[in-house]
Structures are given as C-alpha cells and as structure tokens.
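A quick write-up on the structure given underneath.
There are 2 protein chains.
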Amino acid sequence: MAAKSRPKSDAPDVSDRVSRIREGVTAAILEHRLLPGTKLGEDEIGEIYGASRTLVRTALQQLAHEGIVNIEKNRGAFVARPTPADAREVFEARRLIEPTIVDHAVDAVSPAWINRLQQHLAEEREAELRGDARASVRLSGEFHRLIAEMSGHSIYLGFLKELIARSSLIILLYRRHDTPACGTDHHAEIVTAIRKRDKQAARAQMLSHLNEIEAELFLKDPAADELRLADVLGA
Amino acid sequence: MAAKSRPKSDAPDVSDRVSRIREGVTAAILEHRLLPGTKLGEDEIGEIYGASRTLVRTALQQLAHEGIVNIEKNRGAFVARPTPADAREVFEARRLIEPTIVDHAVDAVSPAWINRLQQHLAEEREAELRGDARASVRLSGEFHRLIAEMSGHSIYLGFLKELIARSSLIILLYRRHDTPACGTDHHAEIVTAIRKRDKQAARAQMLSHLNEIEAELFLKDPAADELRLADVLGA
DNA sequence: TGGGCGAAGATTGTATAAAGTTTCGCCTGT
DNA sequence: ACAGGCGAAACTTTATACAATCTTCGCCCA
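Heads up: the protein sequence lines correspond to chains A and B, in order.
Numbered per our numbering, the first sequence spans residues 1 to 235.
Numbered per our numbering, the second sequence spans residues 1001 to 1235.
Structure, rendered in structure tokens:
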C-alpha cells in the first residue's frame, strides 16, 4: 500500500520555502520590477523573505539554470541581460516548439480547459483595459504556459517555462514601441482555433503570433555593452 | 582534448569542484554504472570526491533539474526512473528538435568540424569493436551533443543535453535487445549528409535514426512500480 | 592633479554544527 | 506467534560560522 507518495510526476514548487523565494524573484523579474543587470544580493533577498542564505542561494541557482539569472563567480547573482543573439535563439526555439504544443493542446481540449482559457483571456483584457502593464506582461506569458500545461507534455512545459521567462526579459530590453496591446487578440484567436479543434489554424495562429512579437523587437548585432551604456546615459 | 578551453559567456562546467562532482555522477549514470533507483547519499558522494555535503548537494540539485536525478523531500536523491510516458515525451521532443539542429549544423559546417565528427565516429567504431558497452553508450550520446554544439545554438544545446541524459536512462530501462550496434552506421550517414551540405538528407537521416532507437524500446503502459517490483524480485 | 598602491569593508564560497524527519529494529501486549 | 507502537540511528534540511575573494575608498607619490 505504498501508493500515496507519488501523485504527480514532479511538483517542485509547492509549499517550499525555497520555492517561495524563487517564485517571488521570478515574478519580480517577469513583471519587469527587477531590471536586467540588477544585482541580487544573498543577504538582501534573505532578509526580505526571512530566510537564510542557504535557501536563497538554492533559489538563485535554480533561476540561473532557468536562464533568467546570471551567477558570476565570487561576484554574485544578477538579473540576466540576454543579448540579441540570445533573443533570436529563444524565438527560434519558440517557433519550433509552440506550434507542436498547440497541436497537443487541441488533442487535450475539454470544456474545463476551454473555460480556463477564456477566463484567462478575460483577465488579460481586464489588465489591458486598466493599463496595468506589469500584469499584462505576466499574463501574456502565462497564456503560453497554460497551453503548454494543457498539452500534458511535461518536457515541453519545462522547456517553454524557460523560454517564456527569457522572452519576458528580451521584450523588456528590445521592444520598439511600448504597445503590448496587439497580443490579446492573437491569444483569443488561438483559443478559438483550439476550441474548434482546428490544428492547422491553431499552429498558424501561434506561429504568426510569435512572428509578430519578434517583429516588434529591435535586435541589433553590436555587443550589449553599448546598449547598457546607452541606457545609463539616457537615464 | 576538450578539457579546459572555454572562455565563453557562460561556462558552468570548468575547474569547478561542483562541476567535477556533477560530471562524475553524470558519467556514471550515462554509462549505466549507476542504475535507476540507486540512492545517492550526500555523505557517500562527498567522501568519494573529497568534498563537503554543501557542494554535493549543489551538484545533485543541478542533476535533478536536468531530469536524471529525483530528489524526494527528506528522503534524498535517487537516480531517476523514467516512466514509459516520460520516454515517449523525450523521444517526441528529440524528433522535433534534432532535425532542426542538424539543419543548423549543416550551415555551420567546416573542415575542422568534419574532422572532429569523423574522429568521433572512429572512437565509436573502436569502442564498438572492443565490445565496450559503457563507452559505446556514452559516445553515442556525445555524438548528438557534438552536433548540437556544432549548430551553435546554446538553447538547443541545453535542451538536448537534458534529452540525451534522459534517453540514456530510458534505453537502459526499456531496450529490447542488447544490440547497440545499429547506431554507428546511422551516425556515419548523418555525418556524410552534413559533409555534403544536404540538409534534407541530414534531417531525414536524423529522424529515421531516432525512430529506430525508439522502435527498439518496449514501452508498456502499466505503472513503473510493477517494473520496479519485477526487477527486485528478479534479482 | 592624476594614477597607482593598499588596507578596510562587504560579499560570496565552503565547511560544520544544530534541528527535523524518516526508517528500521525491538519490545511489549494480546 | 503476531500486530502495533516506542525509540534510537541515519539521513536530510536548515542555520551559522569561518575562509577566500572582490570592491571600494583613501592615501601617497610622481
């Protein structure tokens, strides 16, 4: 009767103190409250969450593995600053993976999932309406994660979590206009295609959605150091 | 001869004590010297590498993130035991990603790379010839990693590292015959296609290679708990 | 006045010790 | 004899202390 110990394949982010730290920092980064390059001191974070450096360090290492934090030896952890080359890689990977993910999402469609998706669309519209850019950015990423969860593929889900987190940083760094408005409509169209069980349309919508996001970026080749300098001088 | 030359943006695996532990354990798992389900005690490993539990713990957490180690709360770390469902996900992901990777490898082809690939093929043939199953398994995985490195895409490389490590465990658990011989020829054909800069052929060879590997697996649906029990009873 | 040297301060890396949890053996009671 | 529970040992988890390294700021000298 030892059948109670494994209800889920992997649930690393529940009721853990380390996970609370990781999710708190992740949320701050994804909502653009922590900017790329920001130093994440261990004592600093530890004091905020009332935790010891041991736990903070564990959380930061996990974030480093996810690619949204860089750990420099003997210097500490910093919010990652993706280069234009990184950005192109991330979006190429998303263009490869996400159409397949929506395929599987269509296979897994159910009234409950449709409900969840439309509830999410409502949240996105509301955040957009009240001009809450932070919530918009976060919800936009969560939409894609939701579809990955729907697909039921834990591997794709893990990969996509990384890609979404990095995308958030990339968009913050390289977006041309400050108009995150166009995304919502695409999301709605994707949900419609899923509801209709139309794989081809779903794939196409997802692909064009990703293409539009990337098209709004300004990915110049020179080293990011110049960008950093420009930012500082501009501010 | 690829020991310590990597002054790139992120080089998490050089001259680090944690990295030595991680790579040592990884090699042991990938060469099937540590079997799925084996407990990895912190003291045990720490004593082997002359390191403190702090470092061992860090290494094990990284391996857990890569999916080849499971950490159960308050119980310790164990070599992962992928389920048949996991196996199907892993190979589906590989079928999706690796054809794209060889595409990029063809773009990046150069005499130096061709040399490196053929040297690797020679190593594989030699290991096969002398019946060194451990080296064969390791080299077979390294071939795919080599092509990912050749592609120059760090994201794909990171993803594929995970997939390869998991594949090694999967093959160990679910392979029908004990004949890893067929792989080498495929690898040679892939290299030939790359050398000819024939993307279509390279993609096709890679895909059929992956399909054959998966076809040799026996992925039955029942829960892995039964498999575990059967193994124990058999031994 | 500008640059280089050096010590103090701060921060990270590592080890060790304290605390909590699980596991397994043993003992008792029926 | 066997089921159930108590308790000690082993291990993981967390916290703290120590060592190593980097940064910063002041001082001295050209």
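Just so it is clear, CB atoms sit at the ideal spot from N, CA and C, and this is done for glycine as well.
- Query: Of all Cβ atoms in chain B, is any one closer than 7 Å to the Cβ of A:L241?
  - Reply: Residue 241 of chain A cannot be examined here, being either before or after the span of chain A that is shown, 1 to 235.
- Message: Quick check: A:A193 and A:A202, are their CB atoms within less than 7 Å of each other?
- Response: yes
- Could you check the C-alpha separation between B:I1155 and A:V191 for me, to the nearest Å? 28 Å
- Message: Quick check on B:N1074: does DSSP put it in helix, strand or coil?
- Response: coil
- Query: Given that B:L1169 touches chain A, what residues does it touch there, using C-beta distances under 8 Å?
  - Reply: What B:L1169 touches in chain A: nothing, since even the nearest Cβ is about 14 Å away.
- Item | Contact residues within the segment 1089-1104 of chain B, judged by C-beta distance below 8 Å to chain A | E1089, V1090, E1092, A1093, L1096, I1097 and T1100
- Item | Opposing strand residues paired with A:K39 [DSSP bridges] | A:F78
- Task: Please report how far the alpha carbon of B:H1120 lies from the alpha carbon of A:D86, in whole angstroms.
- Result: 29 Å
- Query: Does any C-beta atom of chain B lie closer than 7 Å to the C-beta of A:F78?
  - Reply: no
- Rounded straight-line distance, which links the Cα of B:E1162 to that of A:I45: 30 Å
- From which residue to which residue does the alpha helix (DSSP H) around B:E1142 run? A1133 to S1151
- Minimum Cβ-Cβ distance from B:L1233 to chain A less than 7 Å: Low confidence applies here, because B:L1233 scores a pLDDT of 44, under 50, leaving its location unreliable; read the following figure in that light. For B:L1233, the answer is no, since every Cβ of chain A falls outside 7 Å of its Cβ.
- Query: Going along the chain, which residues of its own chain have a beta-carbon closer than 8 Å to the beta-carbon of B:Y1174, five neighbours each way excluded?
  - Reply: P1084, A1087, L1217, F1218 and L1219
- Those residues which DSSP pairs with A:R33 across a bridge: Per DSSP, none; premise fails for A:R33.
- Message: If you measure between the beta carbons of B:P1082 and B:R1138, is that distance less than 7 Å?
- Response: no
- Message: Using the three-state DSSP reduction, which class does B:V1090 fall into: helix, strand or coil?
- Response: helix
- Query: Which residues in the same chain have their Cβ closer than 6 Å to the Cβ of A:A215, if we skip the five residues on either side of it in sequence?
  - Reply: none
- Task: Going by DSSP, name the residue or residues bridged to B:R1175.
- Result: B:L1217
- From B:I1048 to B:A1077, what distance separates their C-alpha atoms? 16 Å
- Query: Would B:H1144 count as contacting chain A if we go by Cβ distances under 7 Å?
  - Reply: no
- In this structure, what does DSSP give as the bridge partners for B:V1069? B:V1079
- Message: Going by beta-carbon coordinates alone, are A:L210 and A:R33 separated by less than 7 Å?
- Response: no
- Task: Mind reading off the beta-carbon distance from A:A64 to A:R17? Whole number of angstroms is fine, and I expect it under 8 Å.
- Result: A:A64 to A:R17, Cβ: 18 Å. No contact.
- Query: Could you check where the alpha helix (DSSP H) with B:A1122 kicks off and where it finishes?
  - Reply: P1111 to L1129
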